[in-house]
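Undergrad: Take the position in the sequence shown, starting the count at 1, then add 662; the result is the number in our numbering. Don't be surprised by glycine CBs; every beta carbon is placed ideally from N, CA and C. Owing to the predicted nature of the structure, the values given are computational and were not obtained by experimental measurement. Got a structure here, written out as structure tokens. Questions coming.
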Amino acid sequence: MRVLAEGIRNHKESRNIMGKEKSRVVYWLGDNLYLNITNRCSNNCYFCFRNLKDGIGKFNLKLTREPAVPEIFDDLRDVINRRLWREIVFCGFGEPLMRLDTVLEVTRWLKKYHAATTVRVDTNGQAQLFYRDRDVVDELKKAGVNSVSVSLNAPDQQTYEQVCRPKFENAYDAVLDFVGAARSEFVTEVTAVTIPEVDLAKMEQMAFDLGVKFRRRDYVPCFW
Ligand code: SF4
């Protein structure tokens, strides 16, 4: 969930018969195309943008139900050839890897029919806790994911639990393990929101020590 910018309105689907914005699975901001495939998340971050807004720009990201894979393909077909998108990003009002199989299937489809696309997953990094008997990083790599952006948001477990309020007890360690596994397979970054509880300089050093990029994200104008 990233940049706030004015998107192009898809007139065909932008409003329902009551004149209200319909919820969107595929939306776009700047040069990136985004996929909002779930509103579920294993965190409950106090700064989560979905607690404040219904969407981003003109796009309503509050889903009334999770889209099936063929519906995602249909929505993608409507817009994917409009321009050369810089990245296709799994990022919306929820944790995309709660639907790992959907991420894998859509990524494989993108790589098959739009081979030049770059696929990124924006994640809270906890997927290995939902899929304990699978190798999430390996499956993402084999499907064709190019990069991951992990919302770390804290330099230690105590701060993480305070600001991200995870459902899993050992979530912070799992996120660090995910970053450690991802960094050798993808372009990997960790991110942190600029909130008072988080020492960003410490996080930058932490990212350096982990061998990944670091990116800070403004609290108010950006989300995720
Ligand atoms: S991880 Fe992202 S989607 Fe989940 S609660 Fe936190 S900010 Fe919201």
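Closer than 6 Å by C-beta to E728: which residues in its own chain qualify, once you throw out the five before and the five after it? Chain order, please.
TA: Working through the sequence shown from its first residue, we reach residue 728 at position 66. Result list for E728: T700, in chain order.
Undergrad: With respect to the alpha helix (DSSP H) encompassing D763, which residues constitute its N-terminal and C-terminal limits?
TA: Along the sequence shown, read from residue 1 onward, the residue named residue 763 stands at position 101. Where D763 is concerned, the enclosing alpha helix (DSSP H) stretches over 762–775.
Undergrad: Considering only DSSP beta bridges, list what E749 is partnered with.
TA: Taking the first residue of the sequence shown as 1, we reach residue 749 at position 87. In the DSSP output, where bridge partners are listed per residue, E749 has N694.
Undergrad: Tell me the DSSP secondary structure of R845 in three-state form.
TA: Taking the first residue of the sequence shown as position 1, residue 845 is located at position 183. Assigned with DSSP and collapsed to three states, R845 falls in coil, not helix or strand.
Undergrad: Closer than 7 Å to a non-hydrogen atom of the ligand SF4 - does that hold for the CB of R748?
TA: On the sequence shown, position 86 is the one that residue 748 refers to. No, the Cβ of R748 stays beyond 7 Å of every heavy atom of the ligand SF4.
Undergrad: Is G756 close to the ligand SF4? I mean its beta-carbon at under 7 Å from any heavy atom of the ligand.
TA: Looking up residue 756 in the sequence shown gives position 94. Correct: G756 has its Cβ closer than 7 Å to the ligand SF4.
Undergrad: Is N743 near the ligand SF4, going by C-beta to nearest heavy atom under 7 Å?
TA: By 1-based counting over the sequence shown, the position of residue 743 is 81. It does not: the Cβ of N743 is nowhere closer than 7 Å to a heavy atom of the ligand SF4.
Undergrad: Pairing CB atoms from the region 711–726 with CB atoms from the region 753–760, are three or more of them under 8 Å?
TA: yes
Undergrad: Mind checking S704: buried by the 16 CB within 10 Å criterion, or exposed?
TA: As a working note, residue 704 is residue 42 in the sequence shown. Classification of S704: buried, given that the 10 Å Cβ count is 16 or more.
Undergrad: Give the list of continuous alpha helix (DSSP H) stretches no shorter than 4 residues that lie fully inside the region 698–747.
TA: 731–741
Undergrad: What are the start and end residues of the alpha helix (DSSP H) that includes F792?
TA: Locating residue 792 in the sequence shown gives position 130, counting from the first residue. It spans 789–792 - the alpha helix (DSSP H) in which F792 sits, taken as one unbroken run.
Undergrad: Between R827 and the rest of its own chain, which residues show a CB-CB distance below 6 Å, the 5 nearest in sequence each way excluded?
TA: Here residue 827 is taken as the residue at index 165 of the sequence shown, counted from 1. Non-local C-beta neighbours of R827 in its own chain, meaning closer than 6 Å and more than five positions away in sequence, comprise N706, ordered along the chain.
Undergrad: In whole angstroms, what separates the C-alpha of R712 from that of R745?
TA: In the sequence shown, counting from the first residue as 1, residue 712 sits at position 50. In the sequence shown, counting from the first residue as 1, residue 745 sits at position 83. Those two C-alpha atoms are separated by around 28 Å.
Undergrad: Taking C-beta to C-beta, are V781 and T769 nearer than 8 Å?
TA: Indexing the sequence shown from 1 puts residue 781 at position 119. Indexing the sequence shown from 1 puts residue 769 at position 107. For V781 and T769, yes; Cβs fall inside 8 Å.
Undergrad: What is the DSSP secondary structure of M663, reduced to helix, strand or coil?
TA: Counting from 1 along the sequence shown, the entry for residue 663 is found at position 1. With a pLDDT of only 44 at M663, under 50, the local geometry of the prediction cannot be trusted, and no value is derived from it.
Undergrad: Report, in whole angstroms, the separation of the C-beta atoms of W690 and F735, which I expect to be a contact under 8 Å.
TA: Taking the sequence shown and counting its residues from 1, one reaches residue 690 at position 28. Taking the sequence shown and counting its residues from 1, one reaches residue 735 at position 73. Going by Cβ atoms, the distance from W690 to F735 rounds to 17 Å, so no, they are not a contact pair.
Undergrad: Do V841 and V852 have their C-beta atoms closer together than 8 Å?
TA: Here residue 841 refers to the residue found at position 179 when the sequence shown is read from its first residue. Here residue 852 refers to the residue found at position 190 when the sequence shown is read from its first residue. Yes.
Undergrad: For P888, tell me which candidate among Y708, R796, V687 has the shortest Cα-Cα distance.
TA: Limits of the chain in this structure are 663 at one end and 886 at the other, which puts residue 888 out of reach.
Undergrad: Please state the DSSP three-state secondary structure of A854.
TA: What you label residue 854 is simply residue 192 of the sequence shown in a count that begins at 1. A854: strand per DSSP, three-state reduction.
Undergrad: Kindly indicate which three-state DSSP category E683 falls into: helix, strand or coil?
TA: For this step, residue 683 is matched to residue 21 along the sequence shown. Reduced to three states, the DSSP call for E683 is strand.
Undergrad: Quick one: Cα of N832 to Cα of N743, how far?
TA: Here residue 832 is taken as the residue at index 170 of the sequence shown, counted from 1. Here residue 743 is taken as the residue at index 81 of the sequence shown, counted from 1. Each residue's alpha carbon lies about 42 Å from the other.
Undergrad: Classify G787: buried if its beta carbon has 16 or more other beta carbons within 10 angstroms, exposed otherwise.
TA: If you number the sequence shown from 1, residue 787 lands on position 125. Buried is the call here.
Undergrad: Check this for me: beta carbons of W747 and D693, under 8 Å apart or not?
TA: Residue mapping note: residue 747 aligns to position 85 of the sequence shown, counting from 1. Residue mapping note: residue 693 aligns to position 31 of the sequence shown, counting from 1. Cβ distance < 8 Å, so W747 and D693 count as in contact.
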